[in-house]
Each structure stands twice: as C-alpha cells, then as structure tokens.
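Protein chains in written order, with our numbering: chain A, 3 to 177; chain B, 3 to 177.
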C-alpha cells in the first residue's frame with residue numbers, strides 16, 4: 003500500500019487521505035561536497051566541515067548537519083514523497099536523528115498518515131499528522147519527522163458532480 | 003542575565019549551565035535571493051520561489067521555507083548564540099513556526115536552558131534541553147525550537163586542581 007508520490011499530476015485533498023496511507027519518495031545521494039557546503043553556510047562545526055577533525059569528535063568521522071538531513075527530506079517530500087494539493091505546508095513538528103547521514107549515503111523517505119482532522123472553523127481545509135522516516139541505503143533510519151500539515155478540502159465541482167450541488171455545506175453539517 | 007555567546011573563547015561545560023541561564027545571538031538578515039536559493043535546492047514550492055505566485059497562497063506573499071529559518075537559527079546558535087564546549091550536537095527536538103520569515107527580515111535567537119541532566123552511564127557528559135526563540139526585527143517569533151543537546155562535562159585537570167585527583171569517579175558516586 004505504498005504509493006509513489008507524483009506532486010503535480012496526482013495531488014491529494016483532505017478527503018483522499020486516510021490514517022495508515024503510505025507514500026514513498028524518490029532518492030537523493032549526498033556527498034562530501036554537499037555536506038561541507040551546507041555546513042559552511044548553516045552549521046559550521048568541525049564534524050560537518052572537516053573529515054580529519056571529525057574523527058576525534060562524537061561523530062567519529064564526517065557527518066551531515068541534522069538540518070541538512072531535514073532539508074533533503076523536505077526536498078524529497080516536495081518533489082515526490084507526499085503529493086498534497088496546495089503543497090506541503092507545516093506549522094511544525096518533532097524531529098529526531100537516530101544516526102548521522104554520512105558522505106555518499108542515498109536517502110529515501112517513507113511517510114505514513116497518522117491523523118486526519120477536518121477544521122471546525124475553516125470548512126475549506128483540515129490538518130494531518132504525518133510520520134516521515136528517512137532511511138539510508140542500509141535501511142537505517144537517519145531521521146524521524148512527525149509533522150502537522152495543512153491540507154485543503156476538495157472544492158465543490160458544481161451541480162453535475164458535487165453531491166451538495168456546489169453549495170458549501172453549513173458548518174453544522176460537519177462532523 | 004542574557005550573555006552574548008562567544009563560541010571558541012568562552013565555551014561552556016555541563017557544570018557551567020543552570021536552568022534559566024539565557025544566551026542571545028548575533029543577527030542575520032535574509033533577503034529574497036537567499037529565500038529563493040534555499041527553496042530551489044530544498045523546498046521548491048511556489049510560495050518560497052515566486053512572489054507573484056505566493057500572493058494567491060496561504061502565505062499571501064513570498065515566505066522562507068521553515069527549514070531555512072531552522073538552518074539560519076542553527077548558524078546563529080553555532081556562531082554566537084550558544085557557546086557550548088564540544089559544539090552544538092543535538093539528538094532532535096520540537097520545532098514550530100508561528101509566523102513565516104519574510105524577505106529582509108533580520109533574525110536573532112534567544113536561548114534559555116530548561117533542563118540540565120548529567121548522564122548516569124557516561125560520566126564525561128550530560129544532556130541539556132534548550133528553548134531557542136527566533137524573532138524578527140519586530141520582535142515577532144518566527145520559530146520556537148526545543149532541542150536536546152549533548153554537552154561534555156569539564157575534564158579533570160590533574161591532582162593539583164581536580165577534587166578527585168584526576169581519577170574518574172565510579173558510577174555509584176554519581177547522583
């Protein structure tokens with residue numbers, strides 16, 4: 003039941019999402035050049051910048067910034083891993099990095115819908131909670147992200163198609 | 003009681019940290035070029051890439067990726083905002099973005115130690131929980147990060163200085 007996401011052509015509305023639905027992304031291979039470039043700009047610490055210096059640290063060798071792993075995860079979700087209509091818009095979440103991302107790792111993301119909640123105050127949208135696990139080529143988890151995202155509801159399509167005749171349901175009719 | 007961090011010259015060990023201790027970072031001004039460059043690489047969605055297209059979205063105008071705000075926050079913490087010996091090494095945390103970061107925003111980070119916990123199994127280190135609020139030039143919070151970080155304990159300095167004569171205390175002596 004893992005679907006490969008296709009962002010533009012197959013975008014999903016809140017009504018299309020169910021708890022337990024899973025999506026898998028394409029892959030991204032990171033290298034030493036990418037790791038050092040991100041670190042120089044955003045996380046200039048020896049274990050992200052210099053392989054020799056990294057050996058004497060807690061990491062035992064060059065490792066990507068956790069925020070770099072998070073950014074690559076986002077790229078994979080946006081481009082292929084989570085085809086939501088309206089895009090991927092989050093208010094926040096929990097992130098953890100059980101293992102570091104290393105040079106030449108190939109990362110993929112599998113996401114699972116954990117909660118779907120229509121908004122009571124905004125009939126055009128809802129919130130979902132999604133768990134996204136980012137794994138390397140050995141199947142080891144390098145990041146777990148539990149994110150809360152805003153997802154639009156499917157707009158009414160007019161009298162021929164919509165069961166409500168194109169009329170927005172009053173709020174009292176929402177669950 | 004806000005201290006301005008100085009990474010290399012003033013790095014702190016676990017023993018130097020107390021709940022309630024605060025640190026403030028230098029500032030970083032973001033612009034449209036930075037927002038679009040980060041988005042093109044890691045979060046290629048219209049509201050992060052194109053000001054005109056962004057107007058019709060939930061954001062109402064160009065906004066930085068939340069992961070870009072997180073990455074800039076990390077840069078500010080590493081360079082000036084949290085002078086920990088051993089650097090800033092996190093196992094994860096909670097992040098939220100109450101408001102988007104906009105072009106020409108100037109961001110600063112104030113961090114407060116919320117918890118200090120010596121390790122029971124590793125006498126050379128401990129964990130801290132830190133709340134870091136990233137604000138724009140209007141004082142509005144654009145990100146709250148609650149991170150768990152690993153911090154080394156101060157190494158024993160030898161018989162003349164260390165109360166344990168340079169000998170590592172047995173685990174039974176730890177609290």
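We put the beta carbon where it would ideally sit given N, CA and C, even for glycine.
Source: prediction; values computed, not measured.
Proximal chain B residues relative to residue i, where beta-carbon distance stays under 8 Å
{"i": "residue 77 of chain A", "result": "43, 44, 45 and 46"}
{"i": "residue 74 of chain A", "result": "44"}
{"i": "residue 142 of chain A", "result": "Within 8 Å Cβ-Cβ: nothing; residue 142 of chain A doesn't reach chain B, min ~15 Å."}
{"i": "residue 60 of chain A", "result": "88, 91 and 152"}
Candidates the options: closest to residue i by CA position
{"i": "residue 21 of chain A", "options": "A/154, A/92, A/132 and A/143", "result": "A/132"}
{"i": "residue 89 of chain B", "options": "A/49, A/98, A/30 and A/80", "result": "A/49"}
{"i": "residue 69 of chain A", "options": "A/137, A/102 and A/19", "result": "A/102"}
{"i": "residue 60 of chain B", "options": "A/76, A/37 and A/91", "result": "A/91"}
{"i": "residue 46 of chain A", "options": "B/121, B/30, B/58 and B/80", "result": "B/80"}
{"i": "residue 139 of chain B", "options": "B/106, B/54 and B/93", "result": "B/106"}
{"i": "residue 146 of chain A", "options": "A/54, A/82, A/76 and A/65", "result": "A/76"}
{"i": "residue 72 of chain A", "options": "A/64, A/62 and A/37", "result": "A/37"}
{"i": "residue 64 of chain B", "options": "B/98, B/74, B/35 and B/82", "result": "B/35"}
{"i": "residue 93 of chain A", "options": "A/151, A/157, A/28 and A/29", "result": "A/151"}
{"i": "residue 124 of chain B", "options": "B/83, B/157, B/56 and B/44", "result": "B/157"}
{"i": "residue 99 of chain B", "options": "B/116, B/122 and B/142", "result": "B/142"}
{"i": "residue 74 of chain A", "options": "B/53, B/33 and B/44", "result": "B/44"}
Under 8 Å between C-beta atoms of residue i and residue j
{"i": "residue 155 of chain A", "j": "residue 16 of chain A", "result": "yes"}
{"i": "residue 26 of chain A", "j": "residue 112 of chain A", "result": "yes"}
{"i": "residue 67 of chain A", "j": "residue 41 of chain A", "result": "yes"}
{"i": "residue 95 of chain B", "j": "residue 148 of chain B", "result": "yes"}
{"i": "residue 137 of chain A", "j": "residue 110 of chain A", "result": "yes"}
{"i": "residue 58 of chain A", "j": "residue 108 of chain A", "result": "no"}
{"i": "residue 120 of chain A", "j": "residue 13 of chain A", "result": "no"}
{"i": "residue 97 of chain B", "j": "residue 144 of chain A", "result": "no"}
{"i": "residue 114 of chain B", "j": "residue 24 of chain B", "result": "yes"}
{"i": "residue 82 of chain B", "j": "residue 28 of chain B", "result": "yes"}
{"i": "residue 118 of chain B", "j": "residue 51 of chain B", "result": "no"}
Chain A contact residues for residue i, given Cβ-Cβ distances below 8 Å
{"i": "residue 153 of chain B", "result": "By Cβ distance, chain A contributes nothing, its closest Cβ being about 11 Å from residue 153 of chain B, past 8 Å."}
Beta-carbon neighbours of residue i, restricted to chain B and to distances below 9 Å
{"i": "residue 80 of chain A", "result": "44, 45, 46 and 47"}
7 Å Cβ cut-off: residues of chain B touching residue i
{"i": "residue 63 of chain A", "result": "Ordered by position in chain B, no residue passes the 7 Å Cβ test against residue 63 of chain A, which lies about 14 Å from the chain."}
Neighbouring residues, chain A, relative to residue i (Cβ below 7 Å)
{"i": "residue 68 of chain B", "result": "92"}
* Which residues, taken in chain order from the segment 10-36 of chain A, show a beta carbon closer than 9 Å to some beta carbon of chain B? -> Here the close residues number zero.
* Proximal residues, the segment 90-123 of chain A versus chain B, C-beta separation under 9 Å -> Per Cβ criterion, the list reads 90, 91, 92, 93, 94, 95, 96, 97, 98, 99 and 100.
* Asked: Of all the beta strand (DSSP E) runs that stay within the bounds of the segment 96-172 of chain A, which reach a length of 3 or more residues?
  -> List check, beta strand (DSSP E) in window: 108-120, 127-137 and 143-154.
* Could I get the ranges of all uninterrupted beta strand (DSSP E) runs contained in the segment 4-50 of chain B, with 3 residues as the minimum, in chain order? => The segment 4-50 of chain B contains, as complete beta strand (DSSP E) runs of 3+ residues, the segments 4-6 and 24-31 (chain order).
* Can you check the segment 49-82 of chain B for any beta strand (DSSP E) of at least 3 residues that lies completely inside it and give the ranges in chain order? => Assignment of beta strand (DSSP E) within the segment 49-82 of chain B, counting only whole runs of 3 or more residues, yields no such run.
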